[in-house]
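Residue numbers (the working numbering), protein chains in the order written: chain A, 1 to 110; chain B, 1001 to 1116. Where a beta carbon is used, it is the ideal one built from N, C-alpha and C, also for glycine.
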Amino acid sequence: QSVLTQPPSTSGTPGQRVSISCSGSTSNIGANNVCWYQQLPGMAPKLLIYGNDQRPSGVPDRFSGSKSGTSVSLAISGLRSEDEADYYCASWDDSLSGWVFGGGTKVTVL
Amino acid sequence: QLMESGGGLVKPGGSLRLSCVASGFSLNGYSMNWVRQAPGQGLEWVSSISTGSSYIYYADSVRGRFTVSRDNAVNSLYLQMNSLRAEDTAVYFCARDARGSGPFDQWGQGTLVSVS
């Protein structure tokens, strides 16, 4: 059972917009910044979003993040086949004194 | 670039030492982390160590059995794993903390630890 809660899967057709939610608590998301990581099959995770809504250089602006209270969301607009991957949210947890991850959401492009 | 090594097959109760070597940047400017992923499962943070090793944190699942350390002189991070259990079976990634408070901006390719 992960500290941060994500839906296990979502899907969309090419060009559609999909959104992934990540719910936490006042000790993690509510108190700290959140990152999102993309993990392509068989690969290491890659930083996608940091500081709740900031994109590292090289990440397409089709990816966007937002935060409200103890929840965050990752949106992928103009869905492409190469976006098919697992997506994880992560945050520092002040109560646990450690990093916590969501269980991951598998995005399928139909 | 980060490159892990040291994984392998070990019996329950055994020990293993993982290494992570950094190239292209100086490790001593960054906090570092170990993150693991059990087969078919999600990511689980294992441990963090600050630049000068003053601050070290562990997940409850490994505290008392794993020890993280670093040698900035050789640009290396380590994870000593003792009293290994079947549930420690996973790919272990080392990850660089960009600012000391996240995010993890560089990851190694991982090394597989199998406890059986």
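According to DSSP, residue i sits in a beta bridge with which residue or residues?
i       : result
B/Q1037 : B/L1043 and B/V1091
A/E82   : Paired residue(s): none; A/E82 is not in a bridge.
A/A75   : A/S19 and A/S64
Establish whether the CB of residue i and some CB of chain A are separated by less than 8 Å.
i       : result
B/W1034 : no
B/F992  : Limits of chain B in this structure are 1001 at one end and 1116 at the other, which puts residue 992 of chain B out of reach.
B/L1018 : no
B/E1087 : no
B/Q1109 : yes
B/S1005 : no
B/S1083 : no
B/S1101 : yes
Among the options, which one has its Cα closest to the Cα of residue i?
i       : options                               : result
B/A1073 : B/Q1001, B/G1024, B/N1028 and B/E1004 : B/N1028
A/S77   : A/S9, A/G65 and A/R17                 : A/R17
B/L1043 : A/Q54, A/A75, A/G51 and A/L4          : A/L4
B/G1024 : B/T1051, B/N1075 and B/V1068          : B/N1075
B/S1050 : B/G1064, B/D1060, B/P1039 and B/S1031 : B/S1031
Would you say the beta carbon of residue i is closer than 7 Å to some non-hydrogen atom of the ligand HEM?
i       : result
B/F1093 : In terms of ligand content, the structure shown is empty, and the ligand HEM therefore cannot be addressed.
Answer with yes or no whether the minimum CB distance from residue i to chain B is below 8 Å.
i     : result
A/S95 : no
A/N33 : yes
Under the assumption that residue i contacts residue j (Cβ atoms under 8 Å), give the Cβ distance between them as a whole number of angstroms.
i       : j       : result
A/Q6    : A/G69   : Wrong, their Cβ atoms sit about 16 Å apart, outside the cutoff.
B/V1035 : B/A1095 : 6 Å
A/G15   : A/L79   : 6 Å
*asked:* To be precise: take each residue of the stretch 1050-1074 of chain B, compare its Cβ to all Cβ atoms of chain A, and keep it if any distance is under 9 Å. Which residues remain?
replied: Y1057, Y1058, A1059 and D1060
*Closer than 9 Å, Cβ to Cβ, to anything on chain B: give me those residues from the stretch 81-106 of chain A, in chain order.*
D86, Y88, A90, S91, W92, L96, S97, G98, W99, V100, F101, G102, G103 and G104
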